[in-house]
Amino acid sequence: MERLQKVIAHAGIASRRKAEDLILQGKVKVNGVVVRELGTKVDSTDEVEVDNVLIESEKKVYHLLYKPRSVISAVSDDRGRKTVVDLFPEVEERIFPVGRLDYETSGVLLLTNDGDFANKLTHPRYNIDKTYVAKIKGVLQREEIRALEKGVKLEDGMTAPAKVNVISADAKLDKSIVAITIHEGRNRQVRRMFEAVGHPVSKLKRENFAFLTTLGLNAGESRQLTTHEVKQLRVLSETGKIGN
Ligand code: URA
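Note that my numbering has the sequence shown beginning at 5, numbered continuously upward.
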């Protein structure tokens, strides 16, 4: 059973707020009867009409975007910045990003209109691995790598164990390229982890979200996930393993 305003919003007719207004205005019927109660719950067998038109739930869509830098991971922005949803002018469904990448971070970002799928993939309990490649200042010392791997103390607590792989290190130019795999998704986590060991990040890309990469895409381009990939992500989020 779902709340009526949620069902209307999911059908792509209006935002949840707007759906509440429609209910209060008496424009919504359930099984032929006008309903003005905001808490009303319905299930898939109930017939919901808005302005006398029967609603059908929006088909679920799943997109993989190579998020470019300088784009915000949100559906809208009150400061007028370009959002990841603006990169999908042709898509009619009400998609939203699964989790977020910072404004200046690029890489793999999923967008969908499937809230249950998005919740599963972003909930820390479900342990989806994400690999980031960071350009950092300086060269990591062995103890610093160990600290990142074991967990570092951030203002919102210790980080879970991570995998760290130094791709290149240049003492003369005072910079390194480092891959780090984490499964948590705290705000600006990778940047804060490197900062905590004294090596600020100057550039960050998410190379992998689980088994997904940006391969074949340029920044700003996207593709739809295959049915198989969606299934694999569901299995992975539920069991921690990839099914076939
Ligand atoms: N960690 C960060 O610091 N930024 C991101 O966008 C994602 C993870």
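Virtual Cβ for every residue (Gly too), placed ideally from N, Cα, C. Predicted model, so just to flag it, every value in this text is computed and none were measured.
Contact annotation, Ile27 with His67: C-beta distance approximately 31 Å; criterion of less than 8 Å not satisfied. For Glu153, the closest of Gly161, Ile186, Asn123 by C-alpha to C-alpha distance is Ile186. Relative to the ligand URA, the nearest heavy atom lies less than 7 Å away from the CB of Arg192. Between Ala15 and Ser61, the gap from beta carbon to beta carbon is short of 8 Å. Look at Leu105: its beta carbon is less than 7 Å from one of the heavy atoms in the ligand URA. The Cβ atoms of Ala151 and Leu208 lie no closer than 8 Å to each other. When Leu58, Ile184, Ala175 are compared, the shortest CA-CA separation from Asp133 is found for Ile184. Residue state for Ser241 is assigned as helix, using DSSP reduced to three classes. A heavy atom of the ligand URA is found nearer than 7 Å to the CB of Arg210. In its chain, beyond the 5 residues on either side, Val201 have a beta carbon closer than 6 Å to the beta carbon of Glu148. Of all alpha-carbon atoms in Asn212, Ala175, Leu158, Ile17, the one lying nearest the alpha-carbon of Thr135 is that of Asn212. For Val11, the enclosing alpha helix (DSSP H) begins and ends at 8 to 14. Taking a cut-off of 8 Å for Cβ pairs, the region 102 to 118 and the region 70 to 80 touch, as three or more such pairs fall below it.
Per DSSP, the unbroken alpha helix (DSSP H) holding Arg195 starts and ends at 193 to 200. Judged by DSSP in its simplified three-state form, Tyr130 adopts helix. Of the residues assessed, Thr49 falls on the exposed side of the cut-off, its CB having fewer than 16 other CB atoms within 10 angstroms. Remark: fewer than three beta-carbon pairs, one from each stretch, lie closer than 8 Å, so the region 218 to 225 and the region 158 to 172 are not flagged as touching.
Counting every other CB atom within 10 Å of its CB across the protein chains shown gives Met5 a total below 16, marking it as exposed. Spanning the alpha carbons of Lys141 and Ile171 requires a straight line of approximately 14 Å.
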